[in-house]
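**Q** Before anything else, here's the structure in question.
In the working numbering, the protein residues as written are 72 to 190.
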């Protein structure tokens, strides 16, 4: 999807009340099930949030409670994403700070380094 189309859809969605936005989400899920060739990659927290959202909607939870719960899940996802990225950066720095492991050079006094001639 191109960026202009994405922004237009987002702008129009922002103006809708929550109950109508969920109807749009249902329609998007329907279209995706019929025509989508691939699914986007979701983090485990995003998938958990989607399952919670579907369960809460089936249980007729008020839109405000649903919105606050999803807001908390979004915050948790961002925090874990930042933590994951910081961990990756740490590992890159840790790996970059060490020299590449190489085969140890044999010591000159080591038995493997001496040549023994038997006559």
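Even glycine gets a Cβ: it sits at the ideal position worked out from N, Cα and C.
1) Within the continuous alpha helix (DSSP H) that includes residue 127, where are the two ends?
2) Express the C-alpha separation of residue 98 and residue 81 in angstroms, rounding to a whole number.
3) In whole angstroms, give me the CA-to-CA distance for residue 137 and residue 107.
4) Would the beta-carbon of residue 120 fall within 7 Å of that of residue 144?
5) Cα-Cα, which of 153, 72, 128 is closest to residue 109?
6) Roughly how many angstroms separate the alpha carbons of residue 129 and residue 141, rounded to a whole number?
7) Which value, in whole angstroms, describes the spacing of the CA atoms of residue 148 and residue 116?
8) In its own chain, which residues sit with a C-beta less than 7 Å from the C-beta of residue 118, not counting the 5 before and 5 after it?
9) Compute the Euclidean distance between the alpha carbons of residue 157 and residue 104, then round it to the nearest angstrom.
10) Quick one: what does DSSP say residue 87 is sitting in, helix, strand or coil?
**A** According to the data block:
1) Start at 1 with the first residue of the chain shown, and residue 127 comes out as number 56. That run of the alpha helix (DSSP H) goes 115-129.
2) For the purposes of this step, residue 81 is taken as residue 10 along the chain shown, with counting starting at 1. For the purposes of this step, residue 98 is taken as residue 27 along the chain shown, with counting starting at 1. Their Cα atoms are separated by approximately 15 Å.
3) Within the chain shown, numbered from 1, the residue matching residue 137 stands at position 66. Within the chain shown, numbered from 1, the residue matching residue 107 stands at position 36. The alpha-carbon atoms of residue 137 and residue 107 are separated by roughly 27 Å.
4) Here residue 120 is taken as the residue at index 49 of the chain shown, counted from 1. Here residue 144 is taken as the residue at index 73 of the chain shown, counted from 1. Going by C-beta atoms, residue 120 is nearer than 7 Å to residue 144.
5) Position 38 of the chain shown, counted from the start, is the residue given in the question as residue 109. Residue 72 holds the alpha-carbon nearest to the alpha-carbon of residue 109 among 153, 72, 128.
6) As a first step, residue 129 is located in the chain shown; it is residue number 58 there, counting from the start. As a first step, residue 141 is located in the chain shown; it is residue number 70 there, counting from the start. Each residue's alpha carbon lies about 15 Å from the other.
7) Sequence index remark: in the chain shown, residue 148 carries index 77 (1-based). Sequence index remark: in the chain shown, residue 116 carries index 45 (1-based). Their backbone Cα atoms lie some 6 Å apart in a straight line.
8) Indexing the chain shown from 1 puts residue 118 at position 47. Nothing meets the Cβ criterion.
9) Mapped onto the chain shown, residue 157 falls at position 86. Mapped onto the chain shown, residue 104 falls at position 33. Computed Cα separation, rounded: 35 Å.
10) Here residue 87 corresponds to residue number 16 of the chain shown, with the count starting at 1. It is coil, neither helix nor strand.
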